[in-house]
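In full-length UniProt numbering, the protein residues as written are 1 to 145.
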Amino acid sequence: MIDEIGVVTGLTLTPANVSEREATGDVIGSIKGCLLGDKGYLGVEFKQEMKAEGIEMITPVRANMADPIPRKTRRVINAKRRLIETVIGQLAGQFAIEKCWARDLWHLSNRIARKLLSHTLGIFANFKQGKSQRDWLQQANVIGC
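See below:
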């Protein structure tokens, strides 16, 4: 989970054979309001469960589904989705978060924590250098490249 500027605020690790829906409760905690999810979170039952928790889960629709969200609102949501994909791309590409060859859970969680800390410090360094908010996620600019 990330905040509105791209800082990772929540994370949970699950085995590859576990549905991401099962780990949702660990990540969201006491959050209320609107939450963006990918197509893995589609489903009437799941959305009803989230609504009972005080969360409106917004997911993209499939090609054969009607979109209940107005176009202007969808544009804003798509902009947030691009931010999410940018952060995921940075963590996968620049920080190699998918390649943590740890032998135990402690080392795995420690390596992931260091990579997330590096990402957050990059955003903070761009902020301290006076960069505009849209440039905070540009990790290559941290050292003035």
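For every residue, glycine included, the Cβ atom is placed at its ideal position computed from N, Cα and C. On a predicted model such as this, the values are computed, not experimentally measured, just so you know.
query, result
"Whole-Å CB distance - Leu-36 paired with Ile-84, under 8 Å assumed", "7 Å"
"Residues of its chain near Trp-136, where Cβ-Cβ distance is below 8 Å and the 5 sequence neighbours each way are ignored", "Ile-5, Gly-6, Ile-123, Asn-126 and Phe-127"
"Cβ-Cβ distance between Ile-55 and Ile-77 below 9 Å", "no"
"Proximity test, Trp-136 beta-carbon vs the ligand NAP heavy atom, cut-off 8 Å", "Of the ligands one can find in the structure shown there are none, so the ligand NAP has no counterpart to examine."
"Closest residue to Val-61 among Lys-47, Lys-72, Asp-38 and Lys-80 (Cα-Cα distance)", "Asp-38"
"Residues bridged to Cys-34 (per DSSP)", "Glu-56"
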